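Here is the structure we will look at, set down as structure tokens.
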Amino acid sequence: MITSTHISKTYGNTQVLNIEDLKIPKGQSFGLVGNNGAGKTTFFNMLLDLIRPSTGEITNHDIAVNKSEKWKTFTGSFIDESFLIGYLTPEEYFYFIGDLRGMNTADVDAFLQPFEEIFNEEILGKKKFLRDLSKGNQKKAGIVAALMGNPQVIVLDEPFANLDPTTQIRLKKMLKSLTEDREVTVLISSHDLSHVTEVCERIVVLEKGIVVKDINTSEETLTELESYFSA
Amino acid sequence: MIRHFLRLEWKQYFRSSYWQKGIALKIIMGFFALYMLLTFLAMGFFSFRALKKFFPESDPLQIVNSYLIFVIVADLIFRYMMQKMPVMNIKPLLILPIQKSKLVHYVLGKSAFSFFNVMGLFFYIPFSVVLIGEGYDANGVLAWLFSMILIIQATNFLNFLINKNNKAFWTLVVVLLGGFALKYFNLFDLGAMSQTLFDGVVSNPIMTIIPLGILLLLYRVNYSQLKSQVYLDAAVSVKTKEASTADLSWTKRFGDVAPFIQLDLKLLWRNKRAKSTLPVLALGLLYGLFFYPQPMYKDMVFMYAFIGIFSTGAFLINFGQFIPAWDSGYYSMLMSQNFKYRQYLRSKFTLMTISVVLLFVLGIPYVYFGWKILITHFAAAIYNVGVNTHVILYGGAFNRKRINLEERAAFNLQGTGAVQWLIGIPLMALPMGIFGLFNWLVNFETAIAVLIGLGTIGIVFHQKIMTVIIRKYAASKYKMIHAFNQTT
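Heads up: the sequence lines are chains A and B, in that order. For the first sequence, my numbering gives the first residue as 5, with consecutive numbering after it. For the second sequence, my numbering gives the first residue as 470, with consecutive numbering after it.
Shown next, in the form of structure tokens:
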């Protein structure tokens with residue numbers, strides 16, 4: 005359960021985020037939609053305690069994220085390429101993250117096994133540094149790393165951007181299956197309305213930092229969103 | 470069209486991060502450039518008289534001419550190492566409706582005005598003025614000067630041709646060294662050949678067409694070669710290096726800080742910027758050799774402490790002052806990972822401590838200059854581990870400057886702020902002052918004891934001090950994340 009109460013963020017005179025009250029129950033697949041500058045990444049950054057809210061606070065499984073760091077043990081995230089360590093090979097990066105999440109080399113190898121298809125022989129064993137991989141392959145590595153160590157909460161900012169169609173489809177399946185047993189909470193943001201409606205059971209639309217729609221996904225959601233954004 | 474290019478160039482220059490740097494750095498860099506140019510200028514004006522004085526029986530111009538061939542080869546080697554063709558800048562222009570030939574002419578033409586080409590003129594032009602003033606044939610001297618300008622330009626373009634070729638580079642080195650050797654052993658005088666050639670230009674100004682011809686030919690070759698390579702997978706591509714992995718499992722003995730130590734070792738090894746701290750180690754280690762052999766420092770015992778701190782702390786200071794900016798590229802990621810600040814900082818501490826011990830051990834041969842020196846170095850090493858590591862870690866909490874690991878290292882002062890300069894004072898001057906004071910007031914043994922004592926206090930209270938430092942880091946976490954995310 006993620007609860008945010010009265011959070012807002014102001015830079016100078018501009019308010020970039022102002023959310024009254026938002027509760028994301030455990031096991032929900034939650035989607036955040038909005039145009040550029042709507043505050044999606046700001047919200048995720050606050051959830052990860054990378055930016056301080058001007059007012060209010062966010063709790064992650066009853067832990068106030070800016071008071072304790074315990075949430076880090078069960079939260080996996082990938083925001084952008086700056087989360088990668090460019091001078092490591094993908095393997096080294098996975099082992100590093102794995103180490104921080106209490107996995108040994110064998111655990112990491114076993115964990116990576118099912119992703120081999122996604123990696124498409126382009127990531128592992130290539131003797132390339134992460135900084136030299138293509139944008140799409142960097143993203144794959146980052147997303148997979150975010151899933152390491154059985155996190156209870158997964159935060160992915162724009163996971164579908166830059167991915168190839170095969171991986172987009174696989175990722176959608178994966179995200180859906182993650183929330184199947186209602187244990188793992190998945191938070192994603194996306195500009196692709198059809199992807200979010202497919203993956204998320206709940207979609208929140210932000211506009212200039214304010215929640216303008218909070219929809220439980222149904223058959224009509226996609227049309228509803230499309231008409232909202234084309235208006 | 471050229472107007473557009475020039476405007477882009479102007480903006481690129483004045484909007485580059487260089488200008489965003491502090492005023493102090495600009496002044497330092499400005500002075501350095503000015504110093505270089507003034508040196509050349511002074512050489513141009515005064516070398517005529519100097520040569521006349523030292524070699525009264527020879528003609529100064531002929532002496533210069535006999536060395537020109539070596540100057541040209543040395544210039545080429547220097548350029549090979551320092552000067553790269555700025556092709557990457559045209560990448561965004563490739564898809565615009567601009568003829569490729571224009572782009573190539575532009576890139577080549579622009580390189581003609583690079584600093585490397587201008588630098589030499591500061592010698593040749595005043596030297597020519599002096600020559601004419603001394604009554605040399607004006608036509609001949611002007612032809613000579615003109616030839617030199619053409620040759621500088623030709624070297625510029627020759628450099629681009631050999632730049633992709635290591636063999637060419639080593640051939641040049643061999644030519645240079647071999648030429649000097651042959652001259653030294655009087656086997657074959659390359660210098661005499663050079664002299665004949667350039668004297669010829671002075672006496673027959675028409676010979677200037679030879680360098681002109683060479684320049685045009687080289688330009689032509691460059692042009693056709695570059696034009697066929699203006700593709701994303703050729704000249705305009707970023708070279709990627711194959712990753713080499715080393716087995717770092719031995720670091721496991723450091724327990725829970727092992728992952729970070731491995732990360733730091735890779736950081737040092739794989740990034741241009743970080744790698745540049747390694748040569749400084751050698752410099753720091755050998756620093757004492759500048760002082761100890763000189764008798765005038767024999768009595769300046771307080772200098773022992775300074776050199777001791779510097780040589781055992783070379784890595785500590787150079788690496789430590791950029792903690793945590795080394796990790797600035799992925800600091801947000803680290804901050805959302807499951808580990809404690811203590812772990813992260815302890816790994817930096819461990820690395821610095823190991824370096825101090827290692828540098829002390831490597832510096833043991835200094836005992837040759839007296840046992841007092843060795844003991845002082847030992848005390849300095851203890852002080853470094855106990856006090857300076859903590860000071861530098863604490864200073865890191867004020868670090869707000871992002872470092873781009875891939876940027877070239879020489880003269881790269883990115884990431885340095887006022888704090889980085891100021892921190893040098895307590896790190897080196899303070900122990901030197903303390904040591905000097907006690908050495909002067911009481912005696913050498915007491916001064917040593919005080920340094921060791923201070924260091925030991927730091928080591929004993931390590932955990933407590935770390936807690937304070939960690940609190941400071943935690944407090945400035947958001948500011949750091951924000952600052953490190955600023956890419957420009």
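The beta carbon of each residue, even a glycine, is placed where N, CA and C say it ideally should be. The model shown is predicted, which means the values in this text are computed figures rather than measured ones.
DSSP state of residue i mapped onto helix, strand, coil
i        : result
A:SER72  : coil
A:LYS30  : coil
A:ASN154 : coil
B:TYR852 : helix
A:VAL216 : strand
B:ILE842 : helix
B:VAL911 : coil
A:PHE119 : helix
B:ALA879 : Summary for B:ALA879: the model assigns pLDDT 47, below 50, so the residue's position carries little reliability; its value from the coordinates is reported in the next sentence. Coil, per DSSP.
B:SER745 : coil
A:ASP25  : strand
A:ILE67  : strand
B:TYR605 : coil
B:LYS870 : coil
B:TYR756 : coil
B:GLN622 : helix
B:PRO566 : coil
Contacts that residue i makes with chain A (C-beta to C-beta distance below 8 Å)
i        : result
B:LYS735 : TYR91, LEU92, GLU96
B:LEU732 : ILE89, LEU92, PHE100
B:ARG548 : What B:ARG548 touches in chain A: nothing, since even the nearest Cβ is about 28 Å away.
B:LEU874 : GLY90, TYR91
Counterpart residues of residue i in DSSP-defined beta bridges
i        : result
B:GLY648 : DSSP lists no partner for B:GLY648.
A:GLY35  : A:ILE192, A:ILE207
A:TYR15  : A:THR18
A:ILE62  : A:SER8
A:ASP161 : A:SER193
A:SER81  : A:VAL159
Assumed close pair residue i, residue j - CB separation to whole angstroms, cut-off 8 Å
i        : j        : result
B:ILE699 : B:LEU563 : For clarity, residue 699 of chain B is Val in the given sequence; the question names Ile instead. Their Cβ separation, rounded to whole angstroms, is 7 Å, which keeps B:VAL699 and B:LEU563 in contact under 8 Å.
A:THR189 : A:ILE28  : 6 Å
B:ALA581 : B:ASN625 : 6 Å
B:ARG869 : B:LYS948 : 7 Å
B:ILE861 : B:GLY789 : 4 Å
B:LEU874 : B:ARG742 : 5 Å
A:LYS44  : A:LEU160 : Rounded, the Cβ-Cβ distance is 11 Å, inconsistent with contact.
CA-to-CA distance, residue j to residue i, given in whole angstroms
i        : j        : result
B:GLN812 : B:ILE497 : 38 Å
B:LYS522 : B:VAL770 : 43 Å
A:SER222 : A:GLU205 : 8 Å
B:PHE784 : B:LEU737 : 11 Å
B:LEU695 : A:PHE233 : 48 Å
A:SER194 : B:ALA943 : 31 Å
A:TYR91  : A:ALA235 : 45 Å
B:ILE632 : B:PHE584 : In the sequence as presented, Ile is not what sits at residue 632 of chain B; that position holds Asn. Answer to the nearest angstrom: the Cα atoms are 18 Å apart.
B:GLN552 : B:PHE629 : 9 Å
B:THR781 : B:ALA715 : 26 Å
A:ASP218 : A:ASP25  : 11 Å
B:ILE778 : B:ALA850 : 7 Å
A:THR18  : A:SER12  : 11 Å
A:VAL203 : A:PRO169 : 15 Å
B:ILE418 : B:ASP658 : Nothing about residue 418 of chain B can be read from this structure; chain B reaches only from 470 to 957.
B:SER805 : A:ILE67  : 14 Å
B:GLY757 : B:PHE729 : 32 Å
A:HIS10  : A:PRO57  : 9 Å
B:ALA878 : A:PRO163 : Interpretation of B:ALA878 is limited by its pLDDT of 49, a score under 50 that renders its predicted location unreliable; no figure is taken from the coordinates.
Interface partners of residue i on chain B, CB under 9 Å
i        : result
A:LEU88  : GLY798, TYR799, MET802
A:ARG174 : By Cβ distance, chain B contributes nothing, its closest Cβ being about 24 Å from A:ARG174, past 9 Å.
A:THR45  : Per Cβ cutoff of 9 Å: no residues; A:THR45 is ~11 Å from chain B at best.
A:ILE83  : SER801, MET802, SER805
Partners in chain B for residue i, counting only beta-carbon separations shorter than 8 Å
i        : result
A:SER12  : Simply none; closest approach about 16 Å.
A:ASP103 : ALA727, PRO728
A:THR170 : The contacting residues do not exist; A:THR170 stays about 24 Å from chain B at best.
A:PHE119 : Here the premise fails: no neighbours, minimum Cβ distance about 19 Å.
Closer than 7 Å at the beta carbon, the chain A residues around residue i
i        : result
B:ARG815 : The premise fails here: B:ARG815 is roughly 14 Å from chain A at the closest Cβ pair, so nothing lies under 7 Å.
B:ASN807 : LYS76, THR77, LEU104, ARG105
B:ARG940 : Here the premise fails: no neighbours, minimum Cβ distance about 14 Å.
B:ILE950 : LEU54
Residues that residue i contacts on chain A, provided the C-beta gap is smaller than 9 Å
i        : result
B:ARG472 : Chain A residues near B:ARG472: none, gap ~34 Å exceeds 9 Å.
B:ARG871 : Chain A residues near B:ARG871: none, gap ~10 Å exceeds 9 Å.
Listed by chain order, chain B residues near residue i by CB distance under 7 Å
i       : result
A:ARG56 : TYR947
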